[in-house]
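In this text, residue positions in the sequence shown follow the UniProt record's numbering: the first is 1, and each later residue adds one.
Beta carbons are placed, not taken as given, at the ideal position from N, Cα and C, and that holds for glycine.
Encoded as structure tokens, the structure appears first; notes follow it.
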Amino acid sequence: MRGKGKGHHHKVRAIGGGSGLSSRVKSRASELSKKAVELAAALVANEAELDKRQSQDNSTVLLDETKLIPLIEPGAPGGSKDADVVVPMDFGLNFATGMWTINNVSYSPPDVPTLLKILSNKDRVDASDFVQDEHTYILPRNKVVELHIKGQSLGIAHPIHLHGHAFDVVQFGNNPPNYVNPPRRDVVGVHDEGVRIRFRTDNPGPWFLHCHIDWHMDEGFAMVFAEAPEDIKKGSQSVRPDKEWKKLCEKYEKLPEELQ
């Protein structure tokens, strides 16, 4: 459409098809309405689920190590009889030094590894082969060993880990002992009340026992059990150093002094 005016022309574009616009508006409104209904339904469902959850008992059920039962139940070695070897282990923190101790000894790695000391040319290994802070305890072959681990936990459960064995936890704290189907672990949480664990010495080797909180281990919370040391030197389960061992020594000697 052109408007009249001196020297001017005006173009006006009119949008036709009013019924088409109305149809699109209605369609969009219907779509929005449908989404609103879906959202409202979802909110109602969520509120119903929330009400259901709030009405349920949501108390926390903590893992109870004492109730763990092995799939295969061989029973504790030695049954209810006394163990052949009993090792009392009393741990705690020396506040003066900031070091953890077991039986008043803080573990420190020796310059010569414990295994190499055992493999020396001596016919027999005895306690004098190890320095005090190497904290090594010799265990005889094929005996039932029971460790009594307790101490000052300072309010936390210390995860005590033993290398070389899966052990049976025959008693937690003051609970009754269980020799029939005790929990079988290689790590056990220890509080002030302590635990009693059992294993049979059928795997010769220098086995490390330590708190699995790394900085506690670094602060001396560890010791070594030299199990059947004569059988480490000879026999079917003995350790036989080969050329690869010498390569390890060469690599070790190339390390910076602070890493040796």
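query: In three-state DSSP terms, what is A166?
result: In the three-state reduction of the DSSP assignment, A166 falls in the coil class.
message: Looking at F91: is its Cβ nearer than 9 Å to the Cβ of H158?
response: Cβ atoms of F91 and H158: closer than 9 Å.
- prompt: Taking the C-alpha atoms as reference points, what is the distance between G78 and Y179?
  reply: Going from the Cα of G78 to the Cα of Y179 covers about 8 Å.
Sub-9 Å separation of H107 and H210 beta-carbons: His is not the amino acid found at residue 107; the sequence shown has Tyr there. H210 is positioned such that its CB atom lies closer than 9 Å to that of Y107.
message: Can you give me the C-alpha to C-alpha distance between M89 and M223, rounded to a whole angstrom?
response: M89 and M223: Cα-Cα distance of roughly 10 Å.
- request: Closer than 7 Å by C-beta to D133: which residues in its own chain qualify, once you throw out the five before and the five after it? Chain order, please.
  value: The residues V105, S106, Y107, S108, in chain order, have a CB closer than 7 Å to that of D133 in the same chain once the five nearest residues on each side in sequence are set aside.
field: C-alpha distance - E193 paired with K254, whole-angstrom precision
entry: Whole-angstrom Cα-Cα distance: 46 Å.
message: What does the alpha-carbon distance come out to for the pair L115 and T60?
response: Going by C-alpha positions, L115 is about 46 Å away from T60.
field: Pairwise C-alpha distance: V169 and P182
entry: Distance between the alpha carbons of P182 and V169 is about 6 Å.
message: Let's test the definition: count the other Cβ atoms within 10 Å of the Cβ of R198 and tell me whether it reaches 16, buried, or not, exposed.
response: Buried, by the Cβ-count rule.
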